[in-house]
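Numbering of the sequence shown is given in this note's numbering, commencing with residue 277 and proceeding in unit increments. What follows is a set of notes on a single structure, which appears directly below.
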Amino acid sequence: MEKATGPHLGSSEIRALLFEIGEGLSSEGLVAEIAIYGGSALVLVGGTRKSTKDMDFVSLSGDSEALRRVADTVGARHGLESGWLNDAVSIFASETPDYRTIGDFPPERPGLRVFAASPRYLLAMKLRSMRSPFETNDFPDIWELADICGIRSADEARDWLRGFYPDSPMPSHRSLILDDIFAAKAAGQAYDSRLAWGA
């Protein structure tokens, strides 16, 4: 595998890194299950990203400390910063997640089993977080994931959010931004980052 750098983790690089983590765990007689989120999930199952700079994950089973240790070793081998595989996304996780199976790494023996947040789940997470466009890609991701999930209006999007996060109502200022986003989509406009300036 070529040396990976943060902004250039495409599908093949992500899978190769997961394979090496699985190999490392397997060599120690360890197994783990994780679900990946964010940009890496959009690369693998969302189809809306070509690459990502890091990998967000939630540990589903296994020794999470050993997983981080092995991941840091693998990352260092390819020039990635410590923490390139991180679980900060866990604060946005739903109690009713929806996953797609990515696979077992390595496939021939126990090591690392990987799932990814589905596009419908990713959309709900993006709707819940809606962070500043200067810090994240939440708004362009919402724009594209809404099309993938067949969401045509802001009201549908708010209902979608409630389906995954019934106890997390959308703040009024974000709801207004969502209205603007879907009004622009209905008018046939292209995504414009100025739609999210009030986030």
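All C-beta atoms in this analysis are idealised placements derived from N, C-alpha and C, irrespective of residue type, glycine included.
**Request:** Tell me, to the nearest whole angstrom, how far the beta carbon of residue 349 is from that of residue 421; I am working on the premise that it is less than 8 Å.
**Result:** Taking the first residue of the sequence shown as position 1, residue 349 is located at position 73. Taking the first residue of the sequence shown as position 1, residue 421 is located at position 145. The Cβ separation is near 33 Å, so there is no contact.
**Asked** Which same chain residues, not among the five before or five after residue 302, have their C-beta less than 7 Å away from its C-beta?
**Response** As a working mapping, residue 302 is identified with position 26 in the sequence shown. Closer than 7 Å at Cβ, skipping near neighbours: 382, 385, 386 and 387.
**Asked** Is the region 285–292 in contact with the region 336–344, if contact means three or more CB pairs nearer than 8 Å?
**Response** Contact fails: fewer than three Cβ-Cβ distances are below 8 Å.
**Asked** Where does residue 313 sit, in a helix, a strand or coil, going by DSSP?
**Response** Counting from 1 along the sequence shown, the entry for residue 313 is found at position 37. The three-state reading of DSSP puts residue 313 in strand, counting E and B together.
**Start and end residues, beta strand (DSSP E) containing residue 243** = For residue 243 there is no data in the structure shown, the boundaries of the chain being 277 and 475.
**Message:** Buried or exposed for residue 360, going by 16 or more other Cβ atoms inside 10 Å?
**Reply:** Along the sequence shown, one-based indexing puts residue 360 at 84. Here residue 360 is buried, its C-beta having at least 16 other C-beta atoms within 10 Å.
**Request:** Would you give the residue range spanned by the alpha helix (DSSP H) that residue 346 belongs to?
**Result:** Locating residue 346 in the sequence shown gives position 70, where the first residue counts as 1. From DSSP, the alpha helix (DSSP H) with residue 346 extends over 340–353.
**Asked** Name the DSSP bridge partner or partners of residue 333?
**Response** Your numbering for residue 333 matches position 57 in the sequence shown. Per DSSP, 312.
**Environment of residue 326 [buried if 16+ CB atoms lie within 10 Å]** = Working through the sequence shown from its first residue, we reach residue 326 at position 50. Around the beta carbon of residue 326, fewer than 16 other beta carbons lie within 10 angstroms, which makes this residue exposed.
**Message:** Could you check whether residue 364 and residue 414 sit closer than 8 Å to each other, using their CB atoms as the reference points?
**Reply:** Your numbering for residue 414 matches position 138 in the sequence shown. Your numbering for residue 364 matches position 88 in the sequence shown. No, these two residues do not count as a Cβ contact at 8 Å.
**Message:** Between 394, 356 and 347, which has its C-alpha nearest residue 370's C-alpha?
**Reply:** As a position in the sequence shown, residue 370 is number 94, starting the count at 1. Nearest of 394, 356 and 347 to residue 370, Cα basis: 394.
**Coil, strand or helix - residue 393 by DSSP** = Residue numbering aside, residue 393 sits at position 117 when the sequence shown is read from its first letter. In this structure, residue 393 counts as strand in the three-state DSSP scheme.
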